[in-house]
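Novice: As numbered in the numbering used here, residues 343 to 698 make up the sequence shown, in order. A single structure is presented below for examination.
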Amino acid sequence: MQSSKVRVAVIFGGQSAEHEVSCRSAASVFRFLDRSRYEVTPIRITRDGRWQVGVDTGPDTADTIVSGESHPNDGRSPIGSLTDALEALKSVDAAFPVMHGPYGEDGTIQALLDLAGVPYVGSGVLASAASMDKEFTKKIVAAEGIAVADGVVLREGDDEDISAEDKTRLGLPVFVKPSCSGSSVGVSRVDDWADLPRAVRHAREHDTKVLIEVAVVGREVDLSVLQNPDGSIEVGPALEINLKSQEGFFDFDAKYTSGMVEFRIPAELDPAHLELLSDAARRAFRALGCAGLLRADFFLAEIDGKTVPVLNEVNTLPGFTELSQFPQMWRAAGVEYPELLDRLFTTALAAGARRS
């Protein structure tokens, strides 16, 4: 008798610098997916690009599934062929690519799933690619009237320094970041122009295109956007990031080291300011052509005597551990982690049905 459960694949790992972050996110997804409703196929992509298709043995073995040290499978050797992986994906009803950064959040895995004809959680190829590239994210949302930080783009082959005119315009400090990366990988704060070339070289370890952006002074506030099966979107409670140390910024260590940062949910905001932020998050979601979910990160800044949301970046597949910002924001809205997963898959299936 055929199972009445929804068959889903959870894809994780990958070849980006965020491999470990992806595995942590996937472990939470495995742990909280409702096994009475879903039949789960874990698909792990190793750091060297091999595909491993396993068998889900329940939420208690989530850490074992994602570690790869003792990967459960049904007696077959790990799949190493992309063709074989596509065949495995064709047996599921929907997929959740729980992957962060290049080769996962940039449209690459989304194109593969489109080729396989598999509905999936999250944005499509174009929205994923545009949202992953900070240069193009800023250009698109700025065209919609959303404020972004002023900056300079250095492309492959450009010098590691910028002109005196640009330095005068931007002032110090500035932030130097790879155009396509997440989790603040490769990001540096520069307080002395003499340190700029070193920061650019560090960013280029992760991407050939580098952004140098003015430091925006303001409160760091994140907004989470969730799409419903009917296509409507909701914005969850605002989250304010407060570093416990007065030094530094919300970098990789702060994001993934316990005790370094405090999340205030909901953020204590003037209602008018919250409406400005929520409206900007909705507009960014629509302008970028996103689907399923989005985390939009803002600075709430004072510019020319007005309070303005300045978009820092967006994440089409934000961190998804139980303690990550996105699940925490929806939990504050009364949506627990299992229900959040259910809504994401239901929306993905509904979108797939509309396309078929």
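For glycine and all other residues, C-beta sits at the position ideal for the given N, C-alpha and C.
What is the rounded straight-line gap between the Cα of Asp-405 and the Cα of Val-397?
Specialist: Using only the alpha carbons, I get a separation of about 13 Å.
Novice: Within the same chain, show all residues whose beta-carbon is closer than 8 Å to that of Gly-466, passing over the 5 residues directly before and after it, in chain order.
Specialist: Excluding positions up to five away in sequence, the list reads Gly-449, Gln-452, Asp-456, Gly-631, Ala-633.
Novice: Leaving out five residues on either side along the sequence, give the residues of the same chain with a beta carbon under 8 Å from the beta carbon of Asp-572.
Specialist: So the list reads Ala-692, once near-sequence residues are dropped.
Novice: The alpha helix (DSSP H) spanning Gly-694 covers which residue range?
Specialist: Run containing Gly-694: 679 to 697, per the alpha helix (DSSP H) assignment.
Novice: Tell me which residues share the same chain as Pro-515 and place their Cβ nearer than 8 Å to its Cβ, disregarding the 5 neighbours each side in the sequence.
Specialist: Answer for Pro-515: Arg-531, Val-532, Asp-533, Ala-557, listed in chain order.
Novice: Using three-state DSSP, classify Gln-394 as helix, strand or coil.
Specialist: Strand, per DSSP.
Novice: Could you pull out every unbroken alpha helix (DSSP H) segment of at least 4 residues lying fully inside the region 469 to 509, listed in chain order?
Specialist: Within the region 469 to 509, the complete alpha helix (DSSP H) runs of at least 4 residues are 476 to 485.
Novice: State the Cα-Cα distance for the pair Pro-579 and Met-671, rounded to the nearest angstrom.
Specialist: Straight-line Cα distance between these residues: approximately 6 Å.
Novice: Skipping 5 residues on each side, what residues in its chain have a beta carbon closer than 7 Å to that of Ala-472?
Specialist: Only Phe-478, Thr-479, Ile-482, Leu-630 meet the Cβ criterion.
Novice: If you draw a straight line from the alpha carbon of Leu-683 to that of Trp-535, how long is it in whole angstroms?
Specialist: For Leu-683 and Trp-535, the distance between alpha carbons rounds to 45 Å.
Novice: What three-state label does DSSP hand Thr-338 in the structure shown?
Specialist: With the chain covering 343 to 698 only, the question about residue 338 has no answer from this structure.
Novice: Hey, Tyr-445 and Ser-358 are a contact pair by Cβ (cut 8 Å); roughly how many whole angstroms apart?
Specialist: Indeed, because the Cβ distance is near 5 Å, the residues count as touching under 8 Å.
Novice: Could you check how far apart the C-beta atoms of Lys-519 and Ala-489 are, in whole angstroms? I think they sit under 8 Å.
Specialist: Wrong, their Cβ atoms sit about 18 Å apart, outside the cutoff.
Novice: Using only CA atoms, which one of Ser-433, Phe-627, Arg-540 lies nearest to Val-656?
Specialist: For the residues Ser-433, Phe-627, Arg-540, the minimum Cα distance to Val-656 belongs to Phe-627.
Novice: According to DSSP, is Ile-607 helix, strand or coil?
Specialist: Reduced to three states, the DSSP call for Ile-607 is coil.
Novice: In angstroms with no decimal places, state the Cα-to-Cα distance between Arg-497 and Val-542.
Specialist: Distance between the alpha carbons of Arg-497 and Val-542: 11 Å.
Novice: Would you identify the three-state DSSP class for Glu-381, choosing helix, strand or coil?
Specialist: Strand.
Novice: From Ser-523, Ser-574, Lys-476, Asp-500, pick the residue whose C-alpha is nearest to that of Asp-492; which is it?
Specialist: Answer by Cα proximity: Lys-476.
Novice: List the DSSP bridge partners of Asn-570.
Specialist: Answer by DSSP bridge pairing: none, since Asn-570 is not bridged.
Novice: Reducing DSSP to helix, strand and coil, say where Glu-360 ends up.
Specialist: Glu-360: coil per DSSP, three-state reduction.
Novice: Reducing DSSP to helix, strand and coil, say where Glu-644 ends up.
Specialist: Strand at Glu-644.
Novice: Looking only at its chain, what residues have a beta carbon closer than 7 Å to the beta carbon of His-548, apart from the 5 residues adjacent to it on each side?
Specialist: Contacts found: Ala-359, Pro-520, Ser-523, Val-527, Gly-528.
Novice: To which residues does DSSP link Phe-438 through a beta bridge?
Specialist: Answer by DSSP bridge pairing, in chain order: Val-352.
Novice: Between which two residues does the alpha helix (DSSP H) containing Leu-375 stretch?
Specialist: Where Leu-375 is concerned, there is no enclosing alpha helix (DSSP H), given that its DSSP letter is neither H nor E.
Novice: Per DSSP, Ser-530 is paired with what?
Specialist: Partner(s): Val-518.
Novice: Taking the C-alpha atoms as reference points, what is the distance between Glu-316 and Ala-638?
Specialist: Because the chain in this structure spans residues 343 to 698, residue 316 falls outside the shown range and cannot be described.
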